[in-house]
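Residue numbers (the working numbering), protein chains in the order written: chain A, 2 to 509; chain B, 8 to 166.
Virtual Cβ for every residue (Gly too), placed ideally from N, Cα, C.
Here the structure comes first, spelled out in structure tokens, and everything after it is commentary.
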Amino acid sequence: MLYKKPQIQYYPYIVQRDDYKCVRCLGCVEQCSYDATFYDEELDVIWNKHEACVGCKRCEAMCPTDAIKIVPNPSRPIEHASWKWDLVMDAYLQANTGGIIITGIGNDKPYRIYFDHLVIDACQVTNPSIDPLREPMELRTFLGKKGEKIELTESESGKIALKTRLAPQLELETPIMFSAMSYGSINLNFQESMARAAVELGTYWNTGEGGLHKKLYPYAGRGIVQVASGRFGVSRDYLKAAAAVEIKIGQGAKPGIGGHLPGEKVNAEIAETRMIPPGSDAISPAPHHDIYSIEDLKQLVYAIKEATRYEKPVFVKIAAVHNVAAIASGIARAGADVIVVDGFRGGTGATPKSVRDHVGIPIEVAIAAVDRRLRQEGIRNEVSIVATGGIRSSADVIKIIALGADAAYIATVAMLAIGCTLCQTCNTGRCAWGITTNDPRLARRQNPDIASEQLYNLVRGWSHEMKEMLGAMGINSIESLKGNRLRLRSIGLTEKENEILGVLPAGE
Amino acid sequence: MKKVIIIEDYCIACYNCEVACVATHSRSQDPVKSYKREGLRGKTNAVVEVESPLAFSSMCRHCKHPWCMDACISGAIQRLDNGIVYLDEERCVGCWGCVVGCPYGAAHPNLAGKDKHAFKCDLCIKRLDAGLNPACVEACPNNALLYDETIEEREEVHK
Ligand code: SF4
Ligand code: SF4
């Protein structure tokens with residue numbers, strides 16, 4: 002064979018084709034968006050270019066005769082305890098290209114996942130559990146400032162009326178929302194699917210920093226629009242149409258890093274929605290160039306409140322970093338109605354791998370720290386807390402709420418619900434599942450009729466499970482679980498970790 | 008009448024409709040055997056046409072006034088009471104009149120097999136009788152094929 006450099010020779014996947022079962026329908030050739038498989042008419046054979054395969058498994062899923070299996074290549078670079086094969090491959094790759102390694106999806110390093118070290122306490126005899134199939138169980142929750150006290154007036158006729166002016170609230174039928182994914186990083190079909198599912202579920206979806214496509218205005222009443230450093234797509238109509246506005250300061254997958262949608266991906270529709278010329282790079286700088294302090298942030302929060310006549314809650318989203326609690330306190334004092342904290346396992350369309358995998362902190366400790374600090378300062382009622390970046394299941398939602406969140410945003414799991422196979426090549430724009438791509442040939446792989454139903458099913462299933470778990474804890478409303486760490490116990494954590502999370506070890 | 012409706016916006020050119028069509032019209036009912044043992048490769052009524060990014064599965068429209076039937080010299084093509092335009096392969100003499108006559112290219116010559124006859128979509132008549140959807144519709148992973156009344160017909164009913 003001809004010489005191949007190691008990073009090509011040690012390709013991660015092998016496309017195994019059972020040639021007897023293969024009927025040459027050529028579906029795999031069409032489905033592979035990475036050109037890892039092609040047809041040789043002369044020999045009537047489908048060949049595989051294994052080195053191009055990213056392991057998205059689209060071909061495997063779509064093969065009508067089950068003739069394809071994508072398996073890890075057993076021939077890998079020699080590895081040992083300190084040099085795992087992926088590190089070796091990165092070194093090979095960088096020696097060849099001299100560039101930053103860019104990747105997609107969330108942090109895949111084996112850091113401790115605190116969710117997996119927390120168990121939920123259940124009622125037995127002394128206090129009874131509740132059967133959610135027979136008793137009412139409340140998952141409805143409200144996001145926004147809660148006043149310190151409620152004042153009522155009584156008219157002469159004895160009619161009671163509310164005197165306190167309540168801050169604007171978002172009403173969620175279930176404490177799960179679809180997190181920010183911008184039009185551009187994902188396509189319109191997927192955004193429409195989330196919007197439709199959010200409307201059906203009585204929850205909210207988030208536009209991300211890409212503006213609001215005109216086709217999605219009918220769903221904007223359940224939409225949260227983002228104002229990020231690039232101010233893409235921000236207009237009066239955009240702010241007016243939405244249910245809430247989110248100022249994006251940071252993102253869990255890339256704390257301290259801005260966004261970049263390369264010009265070649267900015268087609269006419271994305272350009273129109275983002276309000277930039279077609280073909281131009283959409284760069285959201287790492288900092289907002291008008292925000293260098295909490296006072297500056299306060300100005301933007303109130304500018305947005307003015308623009309929306311104080312009728313809409315303003316969210317501020319930050320990445321989970323080590324001093325997150327102090328930052329959150331500042332954000333609360335800057336007038337935000339909701340703080341969104343994004344953990345370091347959050348997903349991304351594209352980021353330097355070095356940042357994704359090594360910067361930030363886990364969402365569990367961040368939320369516990371933020372909730373405790375705001376309580377200590379007596380301002381917990383001033384803001385709601387939304388957790389995101391690493392929520393994988395209904396149990397994670399329950400645990401994060403018990404650790405102090407009001408609700409959770411989900412994103413990666415929403416992509417899993419519509420087919421994502423975690424191949425981590427979102428940054429290429431070639432997503433074979435039609436999720437993180439705007440290629441018209443690939444984007445059509447997400448039919449919003451199907452995708453919205455799958456998203457709806459996922460959240461509906463989780464909501465049922467959460468009711469069951471609440472019932473087991475003897476709690477009949479999700480609001481009573483917020484910050485209720487006594488319902489959790491930890492297993493296998495250090496004393497310090499227990500202290501930060503505010504949980505007791507199992508057995509105590 | 009209900010027909011297979013093609014939604015071009017969601018066809019992803021996976022060719023599953025082609026394979027399902029071949030298997031359903033085979034003796035074995037098995038995709039691998041029908042292609043490899045029965046020589047049915049290429050004998051599919053759901054032909055996927057790709058002009059990237061567009062793609063669609065072109066197939067018989069079961070016209071109210073079928074051009075293929077007009078062109079058939081042997082009477083092998085008939086319009087059944089339920090509206091299905093049916094080609095009886097036994098009676099076909101292989102003149103390819105229907106192949107030329109169909110403006111949609113939905114009638115095909117079978118050149119590979121021993122018996123030189125034409126073939127075209129029968130809307131999976133046997134499956135319909137059994138209360139199932141046509142095989143291509145069932146096989147489409149992206150709902151790009153629907154078994155339904157056409158929009159015009161639905162509107163007619165409303166009138
Ligand atoms: S479709 Fe995906 S899994 Fe299949 S060969 Fe192409 S890259 Fe590999
Ligand atoms: S969204 Fe697409 S490209 Fe990204 S990890 Fe999932 S399947 Fe791969």
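Alpha carbon to alpha carbon, what distance is there between residue j and residue i?
i: A:V315; j: B:Y22; result: 48 Å
i: A:R512; j: A:P78; result: This structure cannot speak to residue 512 of chain A, because chain A is shown only from 2 to 509.
i: B:K166; j: A:T438; result: Residue placement at B:K166 cannot be trusted, given a pLDDT of 49 that sits under 50; the coordinates are not used to answer.
i: A:L456; j: A:N190; result: 13 Å
i: A:A367; j: B:E145; result: 48 Å
i: A:V302; j: A:G379; result: 21 Å
i: B:L61; j: A:K266; result: 19 Å
i: B:K1; j: A:P219; result: This structure gives no information on residue 1 of chain B, because the portion of chain B shown stretches from 8 to 166.
i: A:M138; j: A:L173; result: 14 Å
i: A:A396; j: A:V16; result: 36 Å
i: A:A287; j: A:A326; result: 21 Å
i: A:A239; j: B:G104; result: Going by the sequence as given, residue 239 of chain A is Tyr instead of Ala. Distance between the alpha carbons of A:Y239 and B:G104: 59 Å.
i: A:C124; j: A:V384; result: 31 Å
i: B:C102; j: B:A125; result: 8 Å
i: A:A406; j: A:L502; result: 12 Å
i: B:E25; j: A:K22; result: 16 Å
i: A:G159; j: A:E152; result: 15 Å
i: B:C18; j: B:E58; result: 11 Å
i: A:P7; j: A:N74; result: 13 Å
i: A:S83; j: A:R357; result: 20 Å
i: A:E136; j: A:K483; result: 20 Å
Can you name the start and end residues of the alpha helix (DSSP H) that residue i belongs to?
i: B:S64; result: Premise fails: B:S64 lies in the beta strand (DSSP E), 61-65, not in any alpha helix (DSSP H).
i: B:E145; result: 142-146
i: A:S385; result: First-last for A:S385: 385-389, but that is the beta strand (DSSP E), not the alpha helix (DSSP H).
i: A:V302; result: 295-308
i: A:M178; result: From DSSP, A:M178 is part of no alpha helix (DSSP H) but of the beta strand (DSSP E) over 177-179.
i: A:P449; result: 449-474
i: B:V29; result: 23-31
i: A:T413; result: 413-418
i: A:T274; result: 269-275
i: A:V126; result: That residue, A:V126, is in no alpha helix (DSSP H); it is neither H nor E in DSSP.
Assuming the contact rule is C-beta atoms closer than 8 Å, residue i and residue j should be a hit. Round their C-beta distance to whole Å, please.
i: A:V371; j: A:I392; result: Between A:I392 and A:V371 the Cβ distance is about 16 Å, and since that is not below 8 Å, they are no contact.
i: A:Q192; j: A:L217; result: 6 Å
i: A:I248; j: A:K318; result: 7 Å
i: B:V55; j: B:L152; result: Not quite, the Cβ-Cβ distance comes to about 11 Å (not below 8 Å), so this is no contact.
i: A:C60; j: A:Q32; result: 5 Å
i: B:A142; j: B:C128; result: In fact, because the Cβ distance is near 10 Å, the residues do not count as touching under 8 Å.
i: A:G234; j: A:L213; result: 6 Å
i: A:L404; j: A:R486; result: 6 Å
i: A:G107; j: A:A254; result: 6 Å
Check each candidate in the options and name the one with the smallest Cα separation from residue i.
i: A:L44; options: A:M182, A:A37, A:R25, A:M470; result: A:R25
i: A:G508; options: A:K150, A:E152, A:L119; result: A:L119
i: B:G46; options: B:V57, B:E58, B:A30, B:C24; result: B:A30
i: A:R373; options: A:E155, A:W84, A:V504; result: A:V504
i: A:A168; options: A:G493, A:T175, A:K150, A:G185; result: A:K150
i: B:H115; options: B:C67, B:N140, B:I80, B:T157; result: B:C67
i: B:C75; options: B:D129, B:V106, B:P141; result: B:V106
i: A:K497; options: A:I451, A:H465, A:P441, A:A369; result: A:A369
i: A:D19; options: A:I71, A:Y4, A:Q32; result: A:I71
i: A:I402; options: A:Y4, A:D358, A:T142; result: A:T142
i: A:E466; options: A:S394, A:E454, A:K85; result: A:S394
i: A:I131; options: A:K5, A:S478, A:I258; result: A:S478
i: A:M195; options: A:P449, A:G231, A:P506; result: A:P449
i: A:L27; options: A:I69, A:W84, A:C57; result: A:I69
i: A:A346; options: A:Y115, A:G420, A:A162, A:S76; result: It should be noted that the sequence gives Arg, not Ala, for residue 346 of chain A. When each option's Cα is compared against that of A:R346, the closest is A:Y115.
Under DSSP, the beta strand (DSSP E) around residue i begins and ends at which residues?
i: A:Y14; result: 14-18
i: A:W48; result: 46-49
i: B:P116; result: 114-116
i: A:T38; result: 38-41
i: B:Y187; result: The structure shown does not extend to residue 187 of chain B, since chain B is modelled only from 8 through 166, so no value can be given for it.
i: B:E56; result: 54-58
i: A:S500; result: Residue identity differs from the one stated: residue 500 of chain A is Glu in this sequence, not Ser. Unbroken run through A:E500 is the alpha helix (DSSP H), 496-502; no beta strand (DSSP E).
The stretch 469-478 of chain A / the stretch 222-241 of chain A touching (three or more Cβ pairs under 8 Å): no
Are the stretch 175-187 of chain A and the stretch 408-421 of chain A touching, with three or more C-beta to C-beta distances below 8 Å? yes
The stretch 80-97 of chain A / the stretch 4-17 of chain A touching (three or more Cβ pairs under 8 Å): yes
Touching or not, the stretch 97-113 of chain A and the stretch 345-359 of chain A, by the rule of three or more beta carbon pairs under 8 Å? yes
Counting Cβ pairs, one atom from each stretch, are 3 or more of them under 8 Å apart for the stretch 284-293 of chain A and the stretch 333-352 of chain A? no
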